[in-house]
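Inspection log for the structure reproduced underneath, given as structure tokens.
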Amino acid sequence: MSRIFHLSIVIAILFIIPTVSLAFAAESAGEYIDRKAEIWNLFFRLMVVAFVVGGVIAGTMVWQVWRFRESNPKAKPTPYEEKGEL
Amino acid sequence: MGHSNWAEWIYVAVVIALLVYVGAEAWNIENLIEHTPQDAEIIKVTAQQWLWSFEHEDGTKEVGELHLKKDHAYKFEITSKDVNHNFNIAEFVVLMDAVPGRVNTVWFSPNQAGEFDIQCREYCGLIHYNMRAKLIVEGV
Amino acid sequence: MVLELKRARPVWQIMFSTHHTDVGLMYLIFSILAMFIGGAMAIALRVELFAPGAQLIQDSMTFNRLFTIHGTTMIFLFLLPSAAAVGNYLVPIMVRYKDMAYPKLNAIAFWMIPPAAVLVWLGMADFGWYANPPYSVISAPAPAAEMWIFGLKLLGVSSILGSINFVVTILKCKHPDLSIGKVPLLAWSFLSSSIIVLAAMPTFAAALLMLLTDRLGVTGFFNPAMGGDPIAYQHLFWFTFHPEVYVLVIPAIGMMYEIIPRFSRRPIFSHGSGVFAFVLLSIVAFASWAHHMFATGMTFTEKTVFMVGTLAAVPASAMHVFNFLATMWNGRIKFATPMMWAVGGIALFFAAGAGGVVNTAMPLDFITHDSYWVVGHFHLFVFGTIAFGTIGFIYYLFPYITGRMYNEKWGIVHFILAFVGACITFFTQHILGLFGMPRRIYDYPEIPEWVSMNALISVGAMIILVGMGIFLVNLIYSSAKGKPANLEDPFGLGGKYYYPFAQRNPHHGDGGY
Chain D
1 MSRIFHLSIV IAILFIIPTV SLAFAAESAG EYIDRKAEIW NLFFRLMVVA FVVGGVIAGT
61 MVWQVWRFRE SNPKAKPTPY EEKGEL
Chain X
1001 MGHSNWAEWI YVAVVIALLV YVGAEAWNIE NLIEHTPQDA EIIKVTAQQW LWSFEHEDGT
1061 KEVGELHLKK DHAYKFEITS KDVNHNFNIA EFVVLMDAVP GRVNTVWFSP NQAGEFDIQC
1121 REYCGLIHYN MRAKLIVEGV
Chain S
2001 MVLELKRARP VWQIMFSTHH TDVGLMYLIF SILAMFIGGA MAIALRVELF APGAQLIQDS
2061 MTFNRLFTIH GTTMIFLFLL PSAAAVGNYL VPIMVRYKDM AYPKLNAIAF WMIPPAAVLV
2121 WLGMADFGWY ANPPYSVISA PAPAAEMWIF GLKLLGVSSI LGSINFVVTI LKCKHPDLSI
2181 GKVPLLAWSF LSSSIIVLAA MPTFAAALLM LLTDRLGVTG FFNPAMGGDP IAYQHLFWFT
2241 FHPEVYVLVI PAIGMMYEII PRFSRRPIFS HGSGVFAFVL LSIVAFASWA HHMFATGMTF
2301 TEKTVFMVGT LAAVPASAMH VFNFLATMWN GRIKFATPMM WAVGGIALFF AAGAGGVVNT
2361 AMPLDFITHD SYWVVGHFHL FVFGTIAFGT IGFIYYLFPY ITGRMYNEKW GIVHFILAFV
2421 GACITFFTQH ILGLFGMPRR IYDYPEIPEW VSMNALISVG AMIILVGMGI FLVNLIYSSA
2481 KGKPANLEDP FGLGGKYYYP FAQRNPHHGD GGY
């Protein structure tokens, strides 16, 4: 639950900062929009999202694979094995 | 679905929210960069196997090289004489297909002086790998 | 078992057979052969690209032919036939029927593939596997182009015939006691992908014919001088081939649905979600084709529509990832070779999808279009997800097909080499693309970052090659001399290996599967 909360804070900040800068910047330096900066800026923002989500998914998988491997001393048979329903 | 799967619903909601964010941001930025300024100078770009030629508004022609001024706005009108090519100035993220029978446009303003590579970004045959030109941006 | 080398059956008996296990075996052997041929081409390309200048390949035309036929081989001669192999083996069993709905048609569909392959391989066309005009019409040399066109015509028809068979078998021949909702997810994956093929493939058949008549000068569909439009081809091509990439991935996900629950010793977290996600993906697959054409001069509105269509497909794929992770949760997981491939495949599936989301964000396509980012992205799908799922499933089916076990230790070594190699090769390609290197280029200038990354990518490719060599030896040696497998439960999982309604191959005598 707290993970979702923290994620939404990150997303909100990622959305607010460029919106605010767009409203206030008014292209003060130079006359035209800097195509390169806008595009790469978007790229890096999306990279933050991608790596955060990727980290969550990969982290979950790594933990799962470690915790639920059959050679783990804590491993116990699944309910489906005990009931022979496999 | 015989068991509780609220976790799956929340997960799908988070995925959709993230995608809406991506879509909205992309829409925003695309809107921003597509708006061509009125005073952009038009440069005609002609692609052909395997070289780039350019024509400025005042009629000056260049082959294999393009001289532009820093901080001026330029709109490229891009076409091809034979097969599909793609006009790409990687440094300034300018990229647009050159298609025969069609004129595609893209605009930019170089905010850096120096020499930059122009390359072809659509397979066009034997010398596609070396269909290059030089962009020279003058100014301080 | 259909391939028991100690009690070898006459080869002609397999070749003339119409039984689904024999047709499946032929699809499998052909697809593995094609995988190695396509892989050899890839290695040649990577050796050449190791450094600037000419290394292995002395002229750009040969390079262009190699990347064209590498792509064509891997997609049409490896991935599609290997999915057909798995489907042929298991779909009749999963729906509790004696064979495919039309066994003779099944064999015909297979036998169209080798002649098509010969046409493609002998032709060695050079226009990239997309065959975009005007290049493919006015610039690509004959007879290579025509041979490719005819080869692909045959392959398209073969695909359609196979799809008809799958759809009829699953919907019409399933056992009366088996409701459609209870059909296993692997069968659902074949149903979905077959319906996509039936809807999408005819468009490409039309496009191929149009290319041919344009080349002959009879028409000018894609010739602006005759009132045609080269971009029209791209719409026709991608209308087929965007859904087609889902045709490629959906069966591999289905194969993971067979492996992951069994090796976790738990049932699928939600069978219903799996079905829903397959059906949704099949429909939404048709809404995104022009994201491949963002650089052709589309308007803002057009690009937005296709961006939304592309993003709409992501939740369905995300549901599969959730399903797999939730299935493994609280399991007792045996990490034998097939499970490692399946889990590694999911990890790379996520990375591939994330890269795709970046591409579809319209402005970012200006960075990534036709660069090595795209090459890395789609290889994470076709190799990292689909080949991983397929290879894992080949290991899983190995006892079923041969009655013997492959060598487990070497299977794990193969996985590690493939996973590490894939990460090195394909993640680096993403970065190389960000640095501006275009795809489909024979040589490149001495930009320091390009030089070092290309060298690293080529090393990664060699690591994959070593793994594949081990795979080949393992397959061949274990088929002949592997330890006889316990066909009830070859992996020691505690459950049933294959469905109790295992079909008997009529040629194989008593006790044969």
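Just so you know, the protein sequences line up as chains D, X and S, in that order.
Just so you know, the first sequence maps onto residues 1 to 86 in the numbering used here.
Just so you know, the second sequence maps onto residues 1001 to 1140 in the numbering used here.
Just so you know, the third sequence maps onto residues 2001 to 2513 in the numbering used here.
For each residue, glycine too, the CB sits at the ideal point set by N, CA and C.
Note down, in chain order, every chain S residue with its Cβ under 8 angstroms from the Cβ of residue i.
i                : result
ILE39 of chain D : PRO2363, LEU2364, PHE2366, ILE2367
PHE44 of chain D : Within chain S, no residue comes near PHE44 of chain D; the closest Cβ sits about 10 angstroms away, beyond 8 angstroms.
Just the Cα atoms here: how many angstroms apart are residue i and residue j?
i                  : j                  : result
VAL2275 of chain S : ALA75 of chain D   : 30 angstroms
ILE1127 of chain X : SER2060 of chain S : 7 angstroms
PHE24 of chain D   : ILE1029 of chain X : Low per-residue confidence applies at PHE24 of chain D: pLDDT is 46, beneath 50, and the placement is therefore not dependable, though the value from the model is reported in the following sentence. Straight-line Cα distance between these residues: approximately 16 angstroms.
ALA26 of chain D   : PHE2241 of chain S : Note that ALA26 of chain D has pLDDT 46, beneath the 50 cutoff, so the model's placement of it is unreliable and no number is given.
SER28 of chain D   : ALA2232 of chain S : Its pLDDT being 48, under 50, SER28 of chain D is placed unreliably in this model, and the coordinates cannot settle the point.
PRO2338 of chain S : ILE2032 of chain S : 17 angstroms
VAL1137 of chain X : PHE1092 of chain X : 12 angstroms
SER2452 of chain S : ILE2037 of chain S : 27 angstroms
CYS2423 of chain S : TRP2410 of chain S : 20 angstroms
LEU14 of chain D   : LEU2248 of chain S : 35 angstroms
ILE33 of chain D   : ALA1026 of chain X : 16 angstroms
CYS1120 of chain X : MET1131 of chain X : 6 angstroms
GLY2053 of chain S : ILE2441 of chain S : 12 angstroms
LEU2198 of chain S : ILE2401 of chain S : 29 angstroms
PRO2230 of chain S : ARG2009 of chain S : 52 angstroms
PHE2419 of chain S : VAL2343 of chain S : 11 angstroms
LEU1032 of chain X : ALA1024 of chain X : 12 angstroms
SER2264 of chain S : LEU2456 of chain S : 36 angstroms
GLY2227 of chain S : THR2219 of chain S : 10 angstroms
PRO2243 of chain S : PHE2286 of chain S : 6 angstroms
GLY2024 of chain S : SER2479 of chain S : 16 angstroms
ALA2034 of chain S : PHE2078 of chain S : 5 angstroms
PHE2306 of chain S : PHE2388 of chain S : 29 angstroms
PRO2490 of chain S : PRO2484 of chain S : 9 angstroms
PHE2383 of chain S : HIS1056 of chain X : 46 angstroms
GLU70 of chain D   : PRO77 of chain D   : 9 angstroms
SER2288 of chain S : TYR2246 of chain S : 11 angstroms
ALA2461 of chain S : ALA2051 of chain S : 14 angstroms
Return the bridge partner residues of residue i from the DSSP annotation.
i                  : result
SER2192 of chain S : Partner(s): none; SER2192 of chain S has no beta bridge.
GLU1138 of chain X : X:LYS1069
ILE2333 of chain S : D:ARG69
CYS1120 of chain X : X:PHE1087
ILE2138 of chain S : DSSP lists no partner for ILE2138 of chain S.
SER2371 of chain S : S:PRO2438
GLU1041 of chain X : X:TYR1074
ARG2009 of chain S : Answer by DSSP bridge pairing: none, since ARG2009 of chain S is not bridged.
ALA1133 of chain X : X:ILE1118
ARG2404 of chain S : S:PRO2484
Taking C-beta pairs closer than 8 angstroms, name the residues in chain X that residue i reaches, listed in chain order.
i                  : result
ARG2300 of chain S : In the sequence on display, residue 2300 of chain S carries Phe and not Arg. Neighbours of PHE2300 of chain S on chain X, chain order: GLU1030, ASN1031, GLU1034.
Which chain D residues are close to residue i, counting only those with a beta carbon under 7 angstroms from its beta carbon?
i                  : result
ILE2164 of chain S : Near ILE2164 of chain S there are no residues of chain D at all, since even the closest Cβ is about 35 angstroms away, more than 7 angstroms.
Counting only C-beta atoms, is residue i closer than 8 angstroms to chain A at any point?
i                : result
ILE13 of chain D : The structure shown contains no chain A; its protein chains are D, X and S.
Interface residues of chain D around residue i at Cβ under 8 angstroms?
i                  : result
PHE2350 of chain S : GLY54, ILE57, ALA58
Along chain D, in chain order, which residues have C-beta atoms closer than 9 angstroms to that of residue i?
i                  : result
PRO1100 of chain X : Under the 9 angstroms cutoff, chain D gives no residues; its nearest Cβ is about 26 angstroms from PRO1100 of chain X.
Going along chain X in order, which residues have a C-beta closer than 7 angstroms to the C-beta of residue i?
i                  : result
ARG2440 of chain S : TYR1123, HIS1128
Show which residues of chain X have a CB atom less than 9 angstroms away from the CB atom of residue i.
i                  : result
ASP2214 of chain S : The premise fails here: ASP2214 of chain S is roughly 13 angstroms from chain X at the closest Cβ pair, so nothing lies under 9 angstroms.
For residue i, go through chain S and note every residue whose CB falls closer than 7 angstroms to its CB, in chain order.
i                  : result
ASP1058 of chain X : Per Cβ cutoff of 7 angstroms: no residues; ASP1058 of chain X is ~26 angstroms from chain S at best.
GLN1038 of chain X : The contacting residues do not exist; GLN1038 of chain X stays about 18 angstroms from chain S at best.
For a contact meaning CB atoms closer than 9 angstroms, what does residue i contact in chain S?
i                  : result
GLU1065 of chain X : Chain S residues near GLU1065 of chain X: none, gap ~16 angstroms exceeds 9 angstroms.
Checklist entry - Can you list the beta strand (DSSP E) stretches of 3 or more residues lying completely in the segment 1044-1115 of chain X, in chain order? => result 1051-1055, 1061-1063, 1065-1069, 1074-1080, 1085-1089, 1094-1098, 1104-1108
Checklist entry - Fully enclosed by the segment 2406-2484 of chain S, which alpha helix (DSSP H) runs are 4 residues long or longer? => result 2408-2422, 2428-2434, 2448-2481
Checklist entry - Is the segment 2289-2309 of chain S touching the segment 2379-2388 of chain S in the sense that three or more CB pairs, one from each, lie closer than 8 angstroms? => result no
Next on the checklist: Which runs of the alpha helix (DSSP H) at least 4 residues long sit entirely within the segment 2040-2115 of chain S? Give them in chain order.
Outcome noted: For the segment 2040-2115 of chain S, whole alpha helix (DSSP H) runs of length 4 or above, ordered along the chain, are 2060-2072, 2080-2094, 2103-2111.
Item to check | Ranges of the alpha helix (DSSP H) found wholly within the segment 2155-2215 of chain S, counting only runs of at least 4 | outcome: 2185-2215
Item to check | Stretch pair the segment 1099-1111 of chain X + the segment 2408-2423 of chain S: three plus CB contacts closer than 8 angstroms | outcome: no
Next on the checklist: For the structure I just gave you, are there three or more beta carbon pairs, one from the segment 2011-2029 of chain S and one from the segment 2079-2092 of chain S, closer than 8 angstroms?
Outcome noted: yes
Next on the checklist: Using 8 angstroms as the cut-off, can you tell me whether the segment 2097-2104 of chain S makes contact with the segment 2117-2125 of chain S, which would need three or more C-beta pairs spanning the two stretches below that distance?
Outcome noted: no
Next on the checklist: Quick test of the definition: if touching needs 3 or more C-beta pairs under 8 angstroms, does the segment 2208-2220 of chain S touch the segment 2143-2152 of chain S?
Outcome noted: yes
Item to check | the segment 2149-2166 of chain S contacting the segment 2189-2204 of chain S, beta-carbon criterion three pairs below 8 angstroms | outcome: yes
Checklist entry - Looking at C-beta atoms only, is the number of pairs between the segment 2314-2326 of chain S and the segment 2268-2283 of chain S that lie closer than 8 angstroms three or more? => result yes
Checklist entry - Where in the segment 2285-2334 of chain S do unbroken runs of the alpha helix (DSSP H), each at least 4 residues long, occur, reported from the N-terminal end onward? => result 2300-2312, 2314-2328
Checklist entry - At a cut of 8 angstroms, does the segment 2040-2050 of chain S reach the segment 2349-2357 of chain S through at least three beta carbon pairs? => result no
Checklist entry - Counting pairs of beta carbons, one from the segment 55-70 of chain D and one from the segment 2385-2401 of chain S, are three or more of them closer than 8 angstroms? => result no
Checklist entry - How about the segment 1071-1081 of chain X and the segment 1035-1043 of chain X: do they share at least three Cβ pairs that are nearer than 8 angstroms? => result yes
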